[in-house]
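There are 2 protein chains.
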Amino acid sequence: MTLNTYNKEDKILLAVDCIIFGFDQEELKILLIKRNFEPEQGKWSLIGGFLKKEEILDEAATRVLQHLTGLNEIYMEQLHTFSKVDRDPADRTLSVAYYALIDLSQPDKNTLLKESAKWFTLKDAPKLIFDHNLMVERAMARLRRKALSKPIGFELLPEKFTMRTLQKLYEAILDNKLDKRNFISKFNSLDILIKLKEKDTSSSKKGAYLFQFDAEKYKRKVEEGFSFKL
Amino acid sequence: MTLNTYNKEDKILLAVDCIIFGFDQEELKILLIKRNFEPEQGKWSLIGGFLKKEEILDEAATRVLQHLTGLNEIYMEQLHTFSKVDRDPADRTLSVAYYALIDLSQPDKNTLLKESAKWFTLKDAPKLIFDHNLMVERAMARLRRKALSKPIGFELLPEKFTMRTLQKLYEAILDNKLDKRNFISKFNSLDILIKLKEKDTSSSKKGAYLFQFDAEKYKRKVEEGFSFKL
DNA sequence: GCAAAAGTGTTTTACCTACACCCATGC
DNA sequence: GCATGGGTGTAGGTAAAACACTTTTGC
Numbered sequence: 570m571t572l573n574t575y576n577k578e579d580k581i582l583l584a585v586d587c588i589i590f591g592f593d594q595e596e597l598k599i600l601l602i603k604r605n606f607e608p609e610q611g612k613w614s615l616i617g618g619f620l621k622k623e624e625i626l627d628e629a630a631t632r633v634l635q636h637l638t639g640l641n642e643i644y645m646e647q648l649h650t651f652s653k654v655d656r657d658p659a660d661r662t663l664s665v666a667y668y669a670l671i672d673l674s675q676p677d678k679n680t681l682l683k684e685s686a687k688w689f690t691l692k693d694a695p696k697l698i699f700d701h702n703l704m705v706e707r708a709m710a711r712l713r714r715k716a717l718s719k720p721i722g723f724e725l726l727p728e729k730f731t732m733r734t735l736q737k738l739y740e741a742i743l744d745n746k747l748d749k750r751n752f753i754s755k756f757n758s759l760d761i762l763i764k765l766k767e768k769d770t771s772s773s774k775k776g777a778y779l780f781q782f783d784a785e786k787y788k789r790k791v792e793e794g795f796s797f798k799l
Numbered sequence: 570m571t572l573n574t575y576n577k578e579d580k581i582l583l584a585v586d587c588i589i590f591g592f593d594q595e596e597l598k599i600l601l602i603k604r605n606f607e608p609e610q611g612k613w614s615l616i617g618g619f620l621k622k623e624e625i626l627d628e629a630a631t632r633v634l635q636h637l638t639g640l641n642e643i644y645m646e647q648l649h650t651f652s653k654v655d656r657d658p659a660d661r662t663l664s665v666a667y668y669a670l671i672d673l674s675q676p677d678k679n680t681l682l683k684e685s686a687k688w689f690t691l692k693d694a695p696k697l698i699f700d701h702n703l704m705v706e707r708a709m710a711r712l713r714r715k716a717l718s719k720p721i722g723f724e725l726l727p728e729k730f731t732m733r734t735l736q737k738l739y740e741a742i743l744d745n746k747l748d749k750r751n752f753i754s755k756f757n758s759l760d761i762l763i764k765l766k767e768k769d770t771s772s773s774k775k776g777a778y779l780f781q782f783d784a785e786k787y788k789r790k791v792e793e794g795f796s797f798k799l
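Each protein sequence line maps, in turn, to chains Z and S.
Counting along the first sequence from 1, when you hit position 211 you're at 780 in the working numbering, and nothing is skipped either side.
Counting along the second sequence from 1, when you hit position 45 you're at 614 in the working numbering, and nothing is skipped either side.
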């Protein structure tokens, strides 16, 4: 297929790195892996891999995540492309960063394929290789910005959740306390949650009503330009 | 420097494409160029070029813009990386899109180096090659989103401008009419403009006060997490 | 009966919105 | 003196923010 038109141009290695956020009903976590090849073998890193010639970026990100953790059907979003010339000392490599949010209360998502992969709370995360810390910072900023205008984070919760859990998630993302009553009435007014008859009694004697995300309603609202301010 | 670690990985061509928005006090425009090489020679395209091995993306974007238009010291921002496998029929090529805003009232920015480059109003822009129309759409969406929460667009204006001009810019970006009084009091309350004693008499007999962007104040506010809602 | 978490409303305040008239000047 | 664009303020509604007590139940 190649027409030889671009023969003189440089070809470059393209990596994909994934910032995987998880929420375990209490804290926001991030998935890291101990690198098992040079350079920087043995250091902690984001999960990543190289883009193959016949692949699009979204596929590569999905493949990398699936391969190193067994996780699949995870919603990922492209974040930014990092290009500092010496960011990887082994070779000139660009990296396209992706980020995702996953629900750690589902046991199958909590168990990781590789021994070398591990969940860290954001505060305890070690220093990472290359520019990976920068990537995490940027992903965190994006997550925060999105959380303020979109009901992001349904990917980070089990199918059924309590208002308390939802609020804790938002508090973890935004890193501040929110008022319980205002939070609830805000989400009620958005009209994208279904209140179930069931209760969750795992964390209290009284039990808390479970809610579900109304994906249909939300989709319709998004099409009309839905967004809110928390 | 290469450690041979990544020898088996694919290397890929990386392009940089620039969506250059301009504002001439009346309308929002976009800079396009008639392509003078294959494939798609003679068709309209964004300005673009290939990333060189020793270059970072921001530099490549700047170089491409400078080389094809003579424009320099333009603020650009990375938008998104496009990776559809057959987006360029000549060879597998990824493209990192950048966007910029420039002020067309300064005569030196209005004159273009190459005959083949031309400013189009958004409505009159022709169909573009590859996925460039998609890039423009996405850049436009980003610009709109940013305009609603940041005093973007100071890059699109001369150093001194009237409130009327600023409002017209916002109307062009958001594609709707705004109320004069509300707009002015909004911007006044943000406290990032300096009202000058000078007036601009080019568009009226009475003359309109000129304003300047207070970069210092704005920087301080940004550090404190400044943002607004228009 | 008390500890622990759930649930629930009201008041105040800030901001957004809609709206219309006078002013200064050049011709 | 009139046409053209420039400048200005207020009132009403909506949404955000602050705030405290009662309920349920297991122990």
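Virtual Cβ for every residue (Gly too), placed ideally from N, Cα, C.
- Contacts with chain S (Cβ-Cβ distance below 7 Å) from the segment 606-635 of chain Z involve Phe606, Glu607, Pro608, Phe619, Leu620, Lys621, Lys622, Glu623, Ile625, Leu626, listed in chain order.
- Here Thr734 of chain S carries a helix assignment [DSSP, helix/strand/coil].
- For Lys768 of chain Z, the closest alpha carbon among the candidates Z:Asp760, Z:Lys692, Z:Ala777 is that of Z:Ala777.
- Tyr787 of chain Z is not a Cβ neighbour of Phe797 of chain Z, given a cutoff of 9 Å.
- Secondary structure remark: continuous alpha helix (DSSP H) runs of at least 4 residues inside the segment 673-751 of chain Z, in chain order: 676-679, 701-716, 732-743.
- The bridge partners DSSP lists for Leu759 of chain Z come to none.
- Here Val791 of chain S carries a helix assignment [DSSP, helix/strand/coil].
- Against Val665 of chain Z, the close residues of chain S are Thr650, in the order they occur along the chain (beta-carbon pairs closer than 7 Å).
- Taking the C-beta atoms as reference points, Phe780 of chain Z is found nearer than 9 Å to Lys729 of chain Z.
- Using a Cβ-Cβ cut-off of 9 Å, Arg604 of chain Z does not count as an interface residue toward chain S, since no Cβ of chain S sits closer than that to its own.
- Residue burial annotation: Ser758 of chain Z is exposed, with fewer than 16 other C-beta atoms found within 10 angstroms of its C-beta.
- Per DSSP, Glu609 of chain S has no beta-bridge partner at all.
- Apart from sequence neighbours up to five positions away, the residues of its chain that approach Ala666 of chain S with a beta-carbon distance below 6 Å are Asp586, Leu648, His649, Met704, ordered along the chain.
- Close to Asp586 of chain Z, with beta-carbon spacing below 9 Å, lies no residue of chain S; the smallest spacing is near 13 Å.
- Leu597 of chain S places its beta carbon less than 9 Å from that of Ala741 of chain S.
- Residues of chain S whose Cβ lies closer than 8 Å to the Cβ of Tyr575 of chain Z are, in chain order, Leu582, Phe619, Ala659, Asp660, Thr662.
- In the three-state DSSP reduction, Val633 of chain Z falls in the helix class (H, G or I).
- For Ile643 of chain S, no beta strand (DSSP E) run applies, since DSSP gives it neither H nor E.
- Using a Cβ-Cβ distance cut-off of 8 Å, the segment 656-674 of chain S and the segment 703-717 of chain S are in contact, since at least three pairs of beta carbons, one from each stretch, lie closer than that value.
- Under the Cβ distance rule, Lys755 of chain Z does not count among the residues neighbouring chain S, no pair being separated by less than 9 Å.
- Assigned with DSSP and collapsed to three states, Lys774 of chain Z falls in coil, not helix or strand.
- Note on geometry: alpha-carbon atoms of Thr770 of chain Z and Lys790 of chain Z lie some 32 Å from one another.
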